[in-house]
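Residue numbers (the numbering used here), protein chains in the order written: chain A, 9 to 347; chain B, 9 to 347.
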């Protein structure tokens with residue numbers, strides 16, 4: 009089988025020798041363990057942060073050079089000495105970027121088959137992006153009905169869901185994305201009332217025009233200039249949700265990345281700016297997934313997937329998140345779905 | 009009488025021609041108005057922000073060139089056609105930097121005489137600094153008993169009170185100030201368990217040593233490097249209270265002042281960073297003042313005042329806030345206390 013290993017930290021962008029693909033035997037299982045056959049590997053912007061080999065400024069233990077790279081994986085249990093994960097079960101959790109892996113079940117959960125939902129769509133939405141969008145918007149941002157909500161990277165895996173969840177909750181929604189095609193999806197598919205194309209338009213001026221009343225909740229996935237523009241148009245007592253800062257993730261450890269240039273607006277506009285990590289909410293996952301699956305089955309929540317076939321293309325798939333080349337939630341299909 | 013007028017916005021630091029002192033007649037009062045004889049003028053760091061002649065990035069209407077400079081004033085009503093403010097009453101509110109001024113009472117409140125409290129001390133603590141410290145720490149920061157609290161500009165008007173209020177509420181307190189004398193006050197008078205002298209010590213290293221467990225609530229009055237250091241040592245799920253950012257107040261309008269360089273820690277440490285303005289809490293002032301006066305009378309809350317005599321010295325008094333030359337809460341004594 010094949011497995012990607014972390015070789016050495018990149019200077020900035022992921023490099024050709026950052027990760028290496030190796031062949032090795034399929035591992036054996038011990039008591040309490042199961043063997044997972046990988047199917048779908050979720051690519052998430054935060055993965056880049058795990059590749060710095062530094063303990064500082066990370067919300068979890070990083071991956072170390074020489075260790076297998078990890079990511080959120082959906083697989084099928086094909087051998088088991090763990091009663092909670094029987095052969096044939098679908099299990100999702102943090103796993104090596106490998107065709108097979110062994111786990112004792114820690115951090116894994118059995119993924120129920122939901123009639124009416126395709127497996128790739130269920131995993132793409134329910135595993136990471138959906139709970140992130142739901143928690144970030146509703147539990148951190150807490151918009152009231154009628155609130156104006158702005159989302160950056162609005163066509164990304166999380167952003168495409170935030171717009172729809174905000175719309176379900178009666179908000180006015182403005183999404184920011186790059187390019188006419190993605191902006192078209194925002195308003196035609198993803199629940200956005202308005203789209204701003206940051207590649208072509210002045211984001212700040214467009215925000216002022218589209219939300220002359222000011223913005224109640226800003227949902228940030230990007231950072232940098234996007235956040236500067238967003239913080240400039242907040243209402244007094246508004247909330248800024250820091251879900252991601254992808255524009256800064258390729259910075260080197262120790263590199264000085266300035267925070268928002270209008271940080272002073274925290275006082276001027278009495279803002280609450282709050283960060284979160286979805287891993288802190290795992291104990292409530294069943295509730296979120298039930299809510300999200302319900303909306304999907306009712307046709308209220310839709311997603312675009314960008315499935316890249318083949319474990320050998322995993323690094324290229326990850327890099328798409330930073331270039332914006334992807335056209336939906338990026339997942340690598342490592343193995344086939346069960347028949 | 010004499011009155012300070014805003015002449016023209018300074019480039020950076022307040023300049024000799026930023027404010028000008030003029031002589032003019034004592035104003036007459038109309039129905040519903042009263043004439044206030046000024047006694048104490050509070051100097052607050054935020055005053056500098058009112059002198060930029062720009063509507064952007066300010067939490068209230070700025071002062072315009074040609075208008076009288078304003079500040080928080082305690083005075084005595086000496087003429088009145090307003091029953092709520094009878095002759096002889098002490099009234100506090102936003103007023104011109106002048107020996108006399110006229111008001112219809114909007115934004116003013118009658119200040120009760122509190123037996124056992126000297127008038128300058130009552131005004132210095134209860135008018136602005138005390139409610140700011142109390143609201144910022146307890147309603148925005150919300151430390152639990154036993155929490156570790158860090159305060160910057162800890163010997164300043166607000167900071168000296170935050171330490172004591174945190175101590176009253178069972179917190180471990182670390183104050184940051186400049187110079188051995190001020191740091192001495194922190195531990196001997198202002199309720200701080202530990203003091204860090206930013207002029208002599210490495211703030212980040214000292215914070216790590218004094219709070220190896222991490223910090224629950226960071227109370228920020230300064231910004232810049234102080235905030236960078238504070239945000240680096242926060243516990244997960246900690247709170248950062250943005251009360252003031254005095255290190256940035258002399259920036260020009262449009263000048264790009266970077267936010268915290270470790271802004272990413274909002275995600276990594278799941279921080280809540282929240283700004284506030286005490287003017288939003290005026291409707292609850294009586295409650296705060298009662299609480300603060302009670303602690304003062306019980307000997308639990310102390311303050312150092314730095315009273316500068318003479319309206320002609322008002323600008324020099326204000327400038328002390330930015331140089332750190334003051335040795336307590338800065339007030340200008342414009343007129344004598346009532347006999």
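Think of the CB as a built atom: it goes at the ideal place given N, C-alpha and C, for glycine as much as any other residue.
Sheet register partners of residue i (DSSP bridge)
| i | result |
| --- | --- |
| residue 341 of chain B | B/48, B/317 |
| residue 108 of chain B | B/45 |
| residue 185 of chain B | B/205 |
| residue 13 of chain A | A/28, A/76 |
| residue 84 of chain B | B/45, B/98 |
| residue 331 of chain B | According to DSSP, which records beta bridges pairwise, residue 331 of chain B is partnered with nothing at all. |
| residue 226 of chain B | B/158, B/248 |
| residue 283 of chain A | A/250 |
Beta-carbon gap between residue i and residue j smaller than 8 Å
| i | j | result |
| --- | --- | --- |
| residue 284 of chain B | residue 278 of chain A | yes |
| residue 104 of chain A | residue 77 of chain A | yes |
| residue 201 of chain A | residue 155 of chain A | no |
| residue 296 of chain A | residue 142 of chain A | yes |
| residue 162 of chain A | residue 184 of chain A | yes |
| residue 213 of chain A | residue 250 of chain A | no |
| residue 97 of chain B | residue 110 of chain B | no |
| residue 247 of chain A | residue 272 of chain A | no |
| residue 11 of chain A | residue 114 of chain A | no |
| residue 261 of chain B | residue 55 of chain B | no |
| residue 326 of chain B | residue 22 of chain B | yes |
| residue 168 of chain B | residue 333 of chain B | no |
| residue 270 of chain B | residue 236 of chain B | yes |
| residue 229 of chain A | residue 252 of chain A | yes |
| residue 215 of chain A | residue 241 of chain A | yes |
| residue 82 of chain A | residue 48 of chain A | yes |
| residue 66 of chain B | residue 57 of chain B | yes |
| residue 211 of chain A | residue 234 of chain A | yes |
| residue 138 of chain B | residue 287 of chain B | no |
| residue 304 of chain B | residue 125 of chain B | yes |
| residue 158 of chain B | residue 182 of chain B | yes |
| residue 232 of chain A | residue 205 of chain A | no |
| residue 313 of chain B | residue 132 of chain B | yes |
| residue 100 of chain B | residue 85 of chain B | no |
| residue 144 of chain A | residue 174 of chain A | no |
| residue 38 of chain A | residue 89 of chain A | yes |
| residue 335 of chain B | residue 238 of chain B | no |
| residue 258 of chain B | residue 16 of chain B | no |
| residue 328 of chain A | residue 50 of chain A | no |
| residue 116 of chain A | residue 73 of chain A | no |
Buried versus exposed call for residue i [16 or more other C-beta atoms within 10 Å across all chains shown]
| i | result |
| --- | --- |
| residue 164 of chain B | buried |
| residue 75 of chain B | exposed |
| residue 227 of chain B | buried |
| residue 220 of chain B | exposed |
| residue 46 of chain B | buried |
| residue 316 of chain B | buried |
| residue 172 of chain B | buried |
| residue 190 of chain A | buried |
| residue 245 of chain A | exposed |
| residue 95 of chain B | exposed |
| residue 27 of chain A | buried |
| residue 121 of chain A | exposed |
| residue 149 of chain A | buried |
| residue 68 of chain B | exposed |
| residue 25 of chain B | exposed |
Interface partners of residue i on chain A, CB under 7 Å
| i | result |
| --- | --- |
| residue 283 of chain B | 274, 275, 278, 279 |
| residue 296 of chain B | Chain A residues near residue 296 of chain B: none, gap ~17 Å exceeds 7 Å. |
Within chain B, partners of residue i - CB distance below 7 Å
| i | result |
| --- | --- |
| residue 250 of chain A | 274, 275 |
Neighbour list for residue i in chain A, Cβ cutoff strictly below 9 Å
| i | result |
| --- | --- |
| residue 253 of chain B | 271, 272, 274, 275 |
Chain E contact for residue i (CB, 8 Å cutoff)
| i | result |
| --- | --- |
| residue 55 of chain B | Here chain E cannot be found, since the structure's protein chains are A and B. |
Residue i: CB within 7 Å of a non-hydrogen atom of the ligand FMN
| i | result |
| --- | --- |
| residue 317 of chain A | No copy of the ligand FMN occurs in the structure displayed, which carries no ligand at all. |
**Report entry** Residues from the region 50 to 70 of chain B in contact with chain A, defined by Cβ distance under 7 Å
**Finding:** Per Cβ criterion, the list reads 65, 66, 67.
Query raised in the report: Listed from N- to C-terminal order along the chain, which residues in the region 22 to 42 of chain B have their beta-carbon within a distance smaller than 9 Å of any beta-carbon of chain A?
Result: Of all residues in the region 22 to 42 of chain B, none has a Cβ within less than 9 Å of some Cβ in chain A.
Query raised in the report: When you check each C-beta in the region 285 to 317 of chain A against every C-beta of chain B, which residues fall closer than 9 Å?
Result: Answer set for the region 285 to 317 of chain A: 285, 288.
Requested in this report: Using a Cβ-Cβ cut-off of less than 7 Å, give me the residues of the region 256 to 269 of chain A that come near chain B, in sequence order.
Outcome: Those would be 256, 264, 265, 266, 267, 268, 269, in chain order.
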